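**Student:** This is the structure I have questions about; it appears just below.
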Amino acid sequence: MSIHHPIISVTGSSGAGTTSVRRIFEQIFRREEVLAAYIEGDAYHRYDRAEMKRVMSEEASRGNHHYSHFGPDSNLFEELEETFRSYSQTGTGKYRHYIHDDKEAAEYGGAPGTFTAWEPIPTPTDLLFYEGLHGAVASGNIDVARYADLKIGVVPVINLEWIQKIHRDRSHRGYSTEAVTDTILRRMPDYVNYICPQFTHTDINFQRVPTVDTSNPFIARWIPTADESIVVIRFKSPRGIDFPYLLSMIEGSWMSRANSIVIPGGKLDIAMQLILTPMILNLVEKKRRAA
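Residue numbers 1 to 291, in full-length UniProt numbering, belong to the letters of the sequence shown in order.
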């Protein structure tokens, strides 16, 4: 953690909705004139798309059918931790982009499924913003979580997370339901060991819970809408959180525990704006005072 160079980390599984949360942060940064450097978790995968397919095939031939993007062997945890450490100390570090599709290929000048070259994080910036799978990972000698000043978990209940992933991979990547199901099953051990434990380190978790039947996510025809959901917001430490103010500002909200507030799904955007804006401004104000 660093007063001079704060880091905000948004972490969640594939299909959790971290990209949507990133857009809310971008709105806050733009409105409050906060200059953020952005890094993505995909950029710290160990292999590009073709290499990952080859390595997965080799692992499967050895009897390992659970090799996935969620585990340490397929990610550069050391480099990610070093980026966090370096930024927290100096305000810079190395990063790159993973090129997802043709649109990004045109932007970055590379083929989809590959990485750009490593380059320094631009300076100066007010803070570093991370969005990806491992923004609060702590495993063995690796402890990324200790460097982040504000850690946000995006954690839908698992059936909803699977529905979102299935629909995204089918509509945007052309995968079959069976192929996505195989991916989910392959990732399960790493999901349990490396994704779930992060949410004990996060400062705030946003968990969307559908209020419609999602018993079998593998045959669901559509993703439950925001109006068909509630969101449980859990604060690791409720100290300093003005719950009466939030309850008065978010219609239909209520408290389920001393550190948790429940809101209608359609109120997530305003809730995040109300909760996160003062936290972001506090980090930036501390930085500017220290400078």
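Think of the CB as a built atom: it goes at the ideal place given N, C-alpha and C, for glycine as much as any other residue. Every value quoted in this text rests on a predicted model; they were computed, and no experiment measured them.
Using the rule of at least 16 other Cβ atoms within 10 Å of the residue's Cβ for burial, across every protein chain shown, is residue 162 buried or exposed?
**Tutor:** Locating residue 162 in the sequence shown gives position 162, counting from the first residue. Under this definition residue 162 is a buried residue.
**Student:** Report buried or exposed for residue 33, applying the criterion of at least 16 other Cβ atoms within 10 angstroms of its Cβ.
**Tutor:** Locating residue 33 in the sequence shown gives position 33, where the first residue counts as 1. It is exposed - the Cβ of residue 33 has fewer than 16 other Cβ atoms within 10 Å.
**Student:** Just to confirm, are residue 110 and residue 99 a CB contact at a threshold of 7 Å?
**Tutor:** Here the question's residue 110 lines up with position 110 in the sequence shown. Here the question's residue 99 lines up with position 99 in the sequence shown. The answer is yes: Cβ separation under 7 Å.
**Student:** Pick helix, strand or coil for residue 287, following the three-state DSSP scheme.
**Tutor:** For the purposes of this step, residue 287 is taken as residue 287 along the sequence shown, with counting starting at 1. Residue 287 falls in the helix class under three-state DSSP.
**Student:** Check whether the Cβ atoms of residue 295 and residue 9 lie closer than 7 Å to each other.
**Tutor:** Examination of residue 295 is not possible in this model, given that the chain is present from 1 through 291 alone.
**Student:** Helix, strand or coil for residue 255? Go by DSSP, reduced to three states.
**Tutor:** For this step, residue 255 is matched to residue 255 along the sequence shown. The answer is strand: DSSP assigns residue 255 an E or B state.
**Student:** Give the single residue among 138, 122, 36 whose Cα lies nearest to the Cα of residue 80.
**Tutor:** In the sequence shown, counting from the first residue as 1, residue 80 sits at position 80. Closest by alpha carbon: 138.
**Student:** Check the C-beta distance from residue 47 over to residue 74 and give it rounded, since I have them as a contact under 8 Å.
**Tutor:** On the sequence shown, position 47 is the one that residue 47 refers to. On the sequence shown, position 74 is the one that residue 74 refers to. Rounded, the Cβ-Cβ distance is 6 Å, consistent with contact.
**Student:** If you drop the 5 nearest sequence neighbours on each side, which residues of the same chain put their C-beta closer than 6 Å to that of residue 59?
**Tutor:** Locating residue 59 in the sequence shown gives position 59, where the first residue counts as 1. Answer for residue 59: 67, listed in chain order.
**Student:** Between residue 88 and residue 1, what straight-line distance do the alpha-carbon atoms span, to the nearest angstrom?
**Tutor:** Sequence index remark: in the sequence shown, residue 88 carries index 88 (1-based). Sequence index remark: in the sequence shown, residue 1 carries index 1 (1-based). Looking at the two C-alpha atoms, the distance is approximately 6 Å.
**Student:** For residue 157, which option in 132, 108, 212 has the closest C-alpha, if you only look at C-alpha atoms?
**Tutor:** As a first step, residue 157 is located in the sequence shown; it is residue number 157 there, counting from the start. It is 212 whose Cα lies nearest to the Cα of residue 157.
**Student:** Compare the beta carbon distance of residue 287 and residue 4 with 7 Å and say whether it is the shorter of the two.
**Tutor:** The residue given as residue 287 occupies position 287 in the sequence shown. The residue given as residue 4 occupies position 4 in the sequence shown. The answer is yes: Cβ separation under 7 Å.
**Student:** Assuming residue 40 contacts residue 131 (C-beta within less than 8 Å), just tell me the rounded distance between them.
**Tutor:** Here the question's residue 40 lines up with position 40 in the sequence shown. Here the question's residue 131 lines up with position 131 in the sequence shown. 6 Å between Cβ atoms; contact.
**Student:** Determine, using beta carbons only, whether residue 136 and residue 202 come nearer to each other than 7 Å.
**Tutor:** As a working note, residue 136 is residue 136 in the sequence shown. As a working note, residue 202 is residue 202 in the sequence shown. Yes, these two residues count as a Cβ contact at 7 Å.
**Student:** Taking the alpha helix (DSSP H) that residue 236 belongs to, which residues open and close that run?
**Tutor:** Translated into positions along the sequence shown, residue 236 becomes position 236. That residue, residue 236, is in no alpha helix (DSSP H); it is neither H nor E in DSSP.
**Student:** With a CB to CB cut of under 7 Å and the five nearest residues on each side skipped, what residues in its chain are close to residue 42?
**Tutor:** Looking up residue 42 in the sequence shown gives position 42. Closer than 7 Å at the Cβ level, and outside the excluded window around residue 42, lie 98, 132.
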